[in-house]
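Residues are numbered in this note's numbering as their position in the sequence shown, beginning at 1, plus a constant of 43.
The beta carbon of each residue, even a glycine, is placed where N, CA and C say it ideally should be.
A quick note: this is a predicted structure, and the numbers were derived from the prediction, not measured.
See structure below.
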Amino acid sequence: MRREAILVLLIVALLAIAIGMWQGYSSPRQRVRELVPMESGALSLLTPQLVADGTITAYAWHPDGRYLLCASLNMKRFDAQSRQAVMESALWLWDQKELRRTRMWHQTWRVQGDRIDFEILRTIAWSATTPEALILIQSREEEGWVSRVYYLNAATRNWRAIAHGDFREVDAHPKLPYWLVSGGVQTPPLVVARNGQVAPLLVPPPHAAFRLSGWEPEQPIAYCTHTIQVSPGEDEAGEIVRNLAVDLHQKTITEIPQLPKRMVNRYDTLWRRTILPTEADTLSIVQEPIPAKPPEVLRKPRLTWLVSKAGERHYRYLLGENLLHASFTPKKEALFYIRREGAFVVPLVKVSTSIPDEQLREQLMSQAKQIGLALLMYVQDYDEIFPPADQDFASLLTPYTRDASIFQNPETGVSFVYLLDTTPLSQIENPAATLVGYFEAPGGRVVVYADGHVKWVPDRK
Numbered sequence: 044m045r046r047e048a049i050l051v052l053l054i055v056a057l058l059a060i061a062i063g064m065w066q067g068y069s070s071p072r073q074r075v076r077e078l079v080p081m082e083s084g085a086l087s088l089l090t091p092q093l094v095a096d097g098t099i100t101a102y103a104w105h106p107d108g109r110y111l112l113c114a115s116l117n118m119k120r121f122d123a124q125s126r127q128a129v130m131e132s133a134l135w136l137w138d139q140k141e142l143r144r145t146r147m148w149h150q151t152w153r154v155q156g157d158r159i160d161f162e163i164l165r166t167i168a169w170s171a172t173t174p175e176a177l178i179l180i181q182s183r184e185e186e187g188w189v190s191r192v193y194y195l196n197a198a199t200r201n202w203r204a205i206a207h208g209d210f211r212e213v214d215a216h217p218k219l220p221y222w223l224v225s226g227g228v229q230t231p232p233l234v235v236a237r238n239g240q241v242a243p244l245l246v247p248p249p250h251a252a253f254r255l256s257g258w259e260p261e262q263p264i265a266y267c268t269h270t271i272q273v274s275p276g277e278d279e280a281g282e283i284v285r286n287l288a289v290d291l292h293q294k295t296i297t298e299i300p301q302l303p304k305r306m307v308n309r310y311d312t313l314w315r316r317t318i319l320p321t322e323a324d325t326l327s328i329v330q331e332p333i334p335a336k337p338p339e340v341l342r343k344p345r346l347t348w349l350v351s352k353a354g355e356r357h358y359r360y361l362l363g364e365n366l367l368h369a370s371f372t373p374k375k376e377a378l379f380y381i382r383r384e385g386a387f388v389v390p391l392v393k394v395s396t397s398i399p400d401e402q403l404r405e406q407l408m409s410q411a412k413q414i415g416l417a418l419l420m421y422v423q424d425y426d427e428i429f430p431p432a433d434q435d436f437a438s439l440l441t442p443y444t445r446d447a448s449i450f451q452n453p454e455t456g457v458s459f460v461y462l463l464d465t466t467p468l469s470q471i472e473n474p475a476a477t478l479v480g481y482f483e484a485p486g487g488r489v490v491v492y493a494d495g496h497v498k499w500v501p502d503r504k
């Protein structure tokens, strides 16, 4: 009887789908997975995009939010007998406008016993006004630790090494395209300008005692201190501290009586560089507190939510479990989060809600009926087994509808949510009560059941 009922529904399906059938199919580049109501309109959360896989060791966004540099660490292979592991460090560039990642640098290194020959990415310093950055990477070699400074132009993907030696830190001017590279014991500090132009600073030894303190906000001036050890006397403390003004454009150094109070403190720029917002308008990111008792940490995952406010109501959407970090991008046009397996970006797209709710509901009911009938045809062709969940649901059913648009909400672009996974029809005891999938709609959901019928299910109040 069940097979005969399916055949009858298939005949009805062919008649229904023939009406309004059109040829062609174009898949959007990004699939929408959630719709977030806002005070005006809504936001669509697109599919998470992988930025870097592996353990994330460092990251830095450009201040305008276009580019992200993300460093990762992966184990490539491990030999238990020799206790030797081969690791890979990589630096990825993410382009938020193009939604594309590029591996700019990678290096493999070995861990054998207690010896580790590895690379450490110490600093990522973006220019505030140009798509340029300096990256400081340290490696342990036969002669000891060696530092290399790399220049990157994110717009052109130009990547090259510009200096090597005993460098300690790289700092960027808060407003102008200049960098100051702090030297070590044997290496003098450097000034780097646009396009990676390098010039050493003529600072007397010890070079490691030359330290950046702050910046002139609107001019290419860096304020530094240089500490020189002397033999202590009756009126001497054993050291002399010189206050210096460094002209980054002229590459000159002038001694000054004291550091100006108006300067932008170096530590303020470092702090702002590592903190991203967790609130944007009526959106916020909320992480559950870490359980106090160790057993609860293992039993209960720590959840992170995106919370929105629309009128008097609050909505929350699960971003993930046990996230290591979650925030908005600098321009608040996407979500950025880090998991144990990598870093991800979720683009946010503003959408309007101009279609009247009743009209939209009727449209979704019509689309859901076509999806339900297409599912029955698919089940008939594939030994009464529903589609797998790990494949593109719309692509699997498009041959039965010839209309890919029915799988998306016409107002928001949010895709039909499919719930089953290669489930045999024979294992479903009550098809009329078993959910197959649904469309999100204002005030509720349009639900498709396993027997092909469609029902409007309002939200609980």
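Outcome for residue i when other beta-carbon atoms lying within 10 angstroms are tallied against a minimum of 16
i, result
"residue 69", "Confidence at residue 69 is low in this model, with a pLDDT of 27, below 50, so the placement of that residue should be treated as unreliable; the coordinate-derived value is given next. With fewer than 16 other Cβ atoms within 10 Å, it is exposed."
"residue 452", "buried"
"residue 380", "buried"
"residue 425", "exposed"
"residue 58", "In this prediction, residue 58 scores a pLDDT of 37, lower than 50, which makes its location untrustworthy; no coordinate-derived value is stated."
"residue 486", "exposed"
"residue 222", "buried"
"residue 359", "exposed"
"residue 371", "buried"
"residue 489", "buried"
"residue 83", "exposed"
"residue 459", "buried"
"residue 153", "exposed"
"residue 26", "The structure shown does not extend to residue 26, since the chain is modelled only from 44 through 504, so no value can be given for it."
Which listed residue (the options) has its alpha carbon closest to that of residue i
i, options, result
"residue 174", "255, 449 and 219", "219"
"residue 105", "168, 450, 390 and 497", "168"
"residue 497", "422, 485, 418 and 439", "418"
"residue 423", "463, 408, 384 and 467", "467"
"residue 209", "194, 231 and 222", "231"
"residue 500", "482, 493 and 494", "482"
"residue 119", "110, 129 and 376", "129"
"residue 509", "144, 264, 479 and 324", "Here the chain has residues from 44 to 504 only, and residue 509 is not among them."
"residue 386", "127, 134, 86 and 88", "134"
"residue 368", "99, 87 and 262", "99"
"residue 197", "171, 181 and 461", "171"
"residue 96", "109, 477, 136 and 107", "136"
"residue 297", "273, 471 and 264", "264"
"residue 465", "433, 473 and 79", "433"
"residue 194", "166, 256 and 217", "166"
"residue 245", "267, 285, 294 and 266", "294"
"residue 437", "428, 427 and 449", "449"
"residue 390", "362, 408 and 407", "362"
"residue 109", "375, 93, 394 and 327", "375"
Inter-residue Cα distance where the pair is residue i and residue j
i, j, result
"residue 446", "residue 435", "15 Å"
"residue 304", "residue 382", "41 Å"
"residue 253", "residue 270", "7 Å"
"residue 347", "residue 91", "15 Å"
"residue 307", "residue 242", "23 Å"
"residue 430", "residue 405", "26 Å"
"residue 283", "residue 113", "40 Å"
"residue 191", "residue 444", "58 Å"
"residue 292", "residue 111", "27 Å"
"residue 502", "residue 484", "10 Å"
"residue 441", "residue 402", "24 Å"
"residue 331", "residue 345", "6 Å"
"residue 200", "residue 147", "8 Å"
"residue 414", "residue 455", "18 Å"
"residue 150", "residue 492", "52 Å"
"residue 289", "residue 262", "11 Å"
"residue 115", "residue 471", "45 Å"
"residue 188", "residue 182", "6 Å"
"residue 319", "residue 378", "10 Å"
"residue 89", "residue 475", "32 Å"
"residue 392", "residue 249", "53 Å"
"residue 117", "residue 384", "10 Å"
"residue 495", "residue 388", "36 Å"
"residue 103", "residue 268", "27 Å"
"residue 299", "residue 287", "6 Å"
"residue 143", "residue 86", "21 Å"
Residue(s) in a DSSP beta bridge with residue i
i, result
"residue 263", "Partner(s): none; residue 263 has no beta bridge."
"residue 498", "490"
"residue 460", "481"
"residue 243", "233"
"residue 112", "103 and 136"
"residue 286", "268 and 299"
"residue 386", "95 and 381"
inquiry  = With a threshold of 8 Å, are at least 3 pairs of Cβ atoms found where one atom belongs to the region 196 to 204 and the other to the region 223 to 233?
reply    = Judged by Cβ distances under 8 Å, the region 196 to 204 makes no contact with the region 223 to 233, as fewer than three pairs qualify.
task = Tell me, please, whether the region 286 to 305 touches the region 352 to 363 by the rule of three or more beta-carbon pairs shorter than 8 Å.
result = The region 286 to 305 and the region 352 to 363 do not touch, with fewer than 3 CB-CB distances between them shorter than 8 Å.
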